[in-house]
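J.: For my numbering, add 215 to where a residue sits in the sequence shown, where the first one is 1.
Before I ask anything, here is the structure I am working with.
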Amino acid sequence: MSEQSVFAAELSWPDYDARVRDGKVPILLPIGSMEQHGHHMPMNVDVLLPVEFARRVAMQTGALVAPPFTYGYKSHQKSGGGNYLPGTTSLDGATLVAALRDVLKEFARHGVRRICLFNGHFENSWFIIEGIDLALRELKWGGIDDMKVVVLSYWDFVDKDTIKRLYPKGFPGWEIEHGGVLETSLMLALHPEQVRLERAIDHAPASFPPYDVYPPKPEWAPASGTLSSPKEASAEKGEILLQVCVDGIVKALKTEFPN
Numbered sequence: 216m217s218e219q220s221v222f223a224a225e226l227s228w229p230d231y232d233a234r235v236r237d238g239k240v241p242i243l244l245p246i247g248s249m250e251q252h253g254h255h256m257p258m259n260v261d262v263l264l265p266v267e268f269a270r271r272v273a274m275q276t277g278a279l280v281a282p283p284f285t286y287g288y289k290s291h292q293k294s295g296g297g298n299y300l301p302g303t304t305s306l307d308g309a310t311l312v313a314a315l316r317d318v319l320k321e322f323a324r325h326g327v328r329r330i331c332l333f334n335g336h337f338e339n340s341w342f343i344i345e346g347i348d349l350a351l352r353e354l355k356w357g358g359i360d361d362m363k364v365v366v367l368s369y370w371d372f373v374d375k376d377t378i379k380r381l382y383p384k385g386f387p388g389w390e391i392e393h394g395g396v397l398e399t400s401l402m403l404a405l406h407p408e409q410v411r412l413e414r415a416i417d418h419a420p421a422s423f424p425p426y427d428v429y430p431p432k433p434e435w436a437p438a439s440g441t442l443s444s445p446k447e448a449s450a451e452k453g454e455i456l457l458q459v460c461v462d463g464i465v466k467a468l469k470t471e472f473p474n
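Okay, here's the thing in C-alpha cells:
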C-alpha cells in the first residue's frame, strides 16, 4: 500500500492519475448534509462520520476517498427533525441528483470504474440512486458500460447482536435515531471535542402519526431537534460501532470489487 494520502484531493494530479487510470482503484464518495443534530452536536455530523468511515475503509482496501458532498436533501421531520429548524441547509432533490450525476461522470472520465457512495444522511437515499441511474445511462450512451457503483449507509452494518449490546433498554428504531445514541456515540469516539453531552436533552422517543402533513407541524417533533435521547451514548459504544461497521463495509467492498 502506498504511503500517500488516501484522500484523492490531497494528491497531485499525476499521482492521482497513476492510481486511477486503469480503473482498479475504487473511489469512495461520502455524501452528507448540513443538518442540526440537537443542542449537543455540530451540524456537520453527517459529513464527519461518512468521511471517517471512508478513510478507515480506504486504509484497508487501497481505495481513495473523494471530497464529500457537504449539503444533502431536505431534512424530513420523521427522520431528521424537519427542514424548518435553524441551521439545516438543504438542496432540492433535482440539484443533488444533477451534481452527483456530474461527479460520477467525471470520475469515469478519469478512468475510475469502481465507486462506492458512503451515505451519511438518511434523506439522501433515493436521490443518490437517481443520480447513479442517470450517470450510468449517460455513460453507456458514451460507450462506457463497465462502471460499477456500490451504495451503502454505515448504520445498515450494525447487526442485531450489536444493537442488543448498545440498547439494553430497547432499540427505538433507525428512523428516529437522529441525534441519538448511534451518532452521538460515534462522535464521542471520533470527535469528542465537538460533543457537549451535558447539553443533550433527555426525552422519550418521538412518536409520529402514520401520515405526513405539509407544511410540517413543528409540534410533532421534539423541540430539541433530536428524535430520541442521546443520554445513553458513550465513546465505548462508538468504538464498538466503528469496528462493526468498518469490518462489514470492508467485507462488502472486497466482495463487490475483487482484485
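Cβ coordinates follow ideal geometry from the N, Cα and C atoms, glycine included.
(1) Bridge partners of CYS331, per DSSP?
(2) Rounded C-beta distance between GLY238 and VAL327? I'm assuming under 8 Å.
(3) Taking 8 Å as the threshold (C-beta atoms), are GLY295 and GLU250 in contact?
(4) I'd like the list of long-range same chain contacts for ALA450, defined as Cβ closer than 6 Å, with 5 residues on each side in sequence excluded.
(5) Can the beta-carbon of ALA415 be found less than 8 Å from the beta-carbon of HIS254?
(6) Please list the terminal residues of the continuous alpha helix (DSSP H) segment that includes HIS325.
(7) Is THR377 near ILE455, with beta carbons less than 8 Å apart?
(8) Please give me, in chain order, every unbroken run of the beta strand (DSSP E) with length at least 3 that falls completely inside the region 349–437.
(9) For MET274, which of helix, strand or coil comes out of DSSP?
(10) Put TYR231 into one of helix, strand or coil per three-state DSSP.
(11) Tell me the DSSP secondary structure of THR470 in three-state form.
(12) Looking at C-alpha atoms only, which residue of GLY335, ALA309 and TYR369 is the closest neighbour of CYS460?
(13) Quick check: LEU242 and PRO265, are their CB atoms within less than 8 Å of each other?
(14) Going by the CB atoms, is the gap between LEU367 and PHE322 shorter than 8 Å?
(15) Among residues of its own chain, excluding the 5 on either side of TYR286, which ones have a beta-carbon nearer than 7 Å to its beta-carbon?
T.: With the given structure in hand:
(1) CYS331 is bridged by DSSP to LEU243 and VAL365.
(2) 6 Å
(3) Contact: yes.
(4) LEU403 and ALA404
(5) Taking 8 Å as the cut-off, the Cβ atoms of ALA415 and HIS254 count as close.
(6) 308–325
(7) yes
(8) 363–368
(9) helix
(10) helix
(11) helix
(12) TYR369
(13) The residue you asked about is not Leu; residue 242 is Ile in the sequence shown. No.
(14) no
(15) Its chain contains SER248, MET249, THR304, SER305 and LEU306 as the residues whose beta carbon lies nearer than 7 Å to that of TYR286, once the 5 sequence neighbours on both sides are disregarded; these appear in chain order.
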